[in-house]
Amino acid sequence: MRLTATAGLAYGHARVRARKSHLVPAAVIRSLVTADQPALTVDGWRDVRGDADAPALLALVYARLIGDYVMTLRAFPAARAVLEALARLHELENVKLAWRAVVHRAPPAAWHDAWRPMGALETVRRQDCDVLATVRQLAGVLGATPYARIARDVAAAHADDLAAAELAFDRWGSSALAAAALALPRRERLARDLACLVVRERDAAIMARAIQVLGVAPELAPRLCALPVEEPRGERRIRAARRLACRRAFLGDPFTLAPPLALLLMREDEARALLSVGELRARGADAATALRVLDFDG
């Protein structure tokens with residue numbers, strides 16, 4: 010029997026809240042840096058001690074993240090465009106990784122371990138990107154994926170300029186998310202604002218990189234943004250505002266698209282933090298270093 014729209018939303022939000030309850034709290038993540046048995050907190054944890062351990066940890070972290078994406082995409086079809094645009098920001102990192110490998114003529118062994126496992130959401134296969142001689146060949150491989158057009162454009166405009174190519178990919182990802190967010194109905198203001206905060210956080214990073222790496226004049230950098238620059242704010246301030254908005258999403262109307270989006274953003278923060286914990290444990294970092302390095306502002 011098919012659920013009514015309201016019943017479907019209620020069921021979806023029950024699942025979102027259940028998954029939110031399994032997020033690892035910030036204080037616990039910090040404690041993992043020096044924990045004797047981190048696997049007691051994060052099931053399947055594997056310290057990075059050898060060549061095979063880093064991809065295993067990446068797979069563990071991404072299994073949690075992609076699992077949430079798959080659930081929310083099924084439970085909230087009205088949010089599909091925004092959720093897919095957000096998920097593609099991760100796969101776009103794989104596209105950029107393969108692009109760098111082609112430009113630098115790097116063997117697969119040099120970059121395979123950094124490939125983000127997208128699971129059921131995968132549209133770009135790692136093995137299809139092996140042993141390509143040119144970025145135009147890579148653009149051809151991407152021809153049947155959501156990145157076909159941007160890959161062709163970047164290959165034509167920035168074949169010999171890796172920094173400009175990566176900036177173009179990042180701008181494309183941000184623009185796609187901004188367009189999906191702005192297309193949400195008026196009643197989904199909080200979900201739209203959440204997605205736009207992600208875009209603004211990325212815009213701030215894009216402007217900084219354009220100025221520092223490409224030598225773009227500061228007064229021209231805002232032209233690279235996917236959204237109009239409202240006020241000068243750094244990444245940290247925008248990130249703090251985004252995290253506060255995520256918490257508020259669970260205090261308002263439960264029958265909106267904001268809670269599932271907030272869950273995904275909170276899970277992404279958890280994923281980044283757990284990967285940082287893996288690096289800190291590999292270096293033998295102490296608790297003071299964990300407190301200083303792990304980013305939980307806001």
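Count along the sequence shown from 1, add 9, and you get the number used in this note's numbering. We treat Cβ as the ideally placed atom computed from N, Cα and C, and that holds for glycine.
Beta-carbon proximity check, residue i vs residue j, cutoff 8 Å
i: Ala-258; j: Leu-199; result: yes
i: Glu-210; j: Glu-239; result: no
i: Ala-255; j: Ala-271; result: For clarity, residue 255 is Cys in the given sequence; the question names Ala instead. Closer than 8 Å, so yes.
i: Ala-90; j: Ala-192; result: yes
i: Ala-291; j: Val-57; result: yes
i: Val-286; j: Ile-38; result: yes
i: Val-51; j: Leu-283; result: yes
i: Leu-273; j: Leu-95; result: yes
i: Leu-176; j: Ala-219; result: yes
i: Val-112; j: Val-144; result: yes
i: Gly-182; j: Arg-97; result: yes
i: Arg-248; j: Asp-77; result: no
i: Thr-81; j: Pro-269; result: yes
Helix, strand or coil at residue i [DSSP, three-state]
i: Ala-16; result: helix
i: Ser-285; result: helix
i: Gln-146; result: helix
i: Gly-307; result: Unreliable positioning characterises Gly-307 in this predicted model, as indicated by a pLDDT of 41, which lies under 50. The coordinate reading is nonetheless provided below. Correct three-state label for Gly-307: coil.
i: Met-80; result: helix
i: Ala-65; result: helix
i: Gly-21; result: helix
i: Glu-240; result: coil
Of the residues the options, the one placed nearest residue i, counting alpha carbons only
i: Val-140; options: Ala-153, Gly-149, Pro-116 and Arg-292; result: Pro-116
i: Pro-86; options: Leu-18, Ala-157, Gln-146 and His-113; result: Leu-18
i: Pro-64; options: Trp-124, Val-79 and Thr-43; result: Trp-124
i: Asp-60; options: Asp-122, Ser-183 and Pro-237; result: Asp-122
i: Leu-233; options: Ala-72, Ala-214 and Arg-246; result: Ala-214
i: Ala-188; options: Ala-44, Leu-92, Ala-297 and Ser-40; result: Leu-92
i: Ala-153; options: Arg-134, Asp-169 and Asp-170; result: Arg-134
i: Ala-142; options: Val-163, Glu-197, Ala-110 and Ala-129; result: Ala-110
i: Ala-88; options: Gln-146, Lys-105, Glu-228 and Gly-21; result: Gly-21
i: Asp-278; options: Gly-293, Ala-296 and Leu-253; result: Leu-253
i: Leu-66; options: Arg-158, Val-207, Thr-43 and Ala-280; result: Ala-280
i: Pro-194; options: Ala-148, Arg-158, Arg-180 and Leu-266; result: Leu-266
Supposed close pair residue i, residue j - CB separation, criterion 8 Å
i: Leu-69; j: Trp-54; result: 7 Å
i: Glu-100; j: Met-127; result: 5 Å
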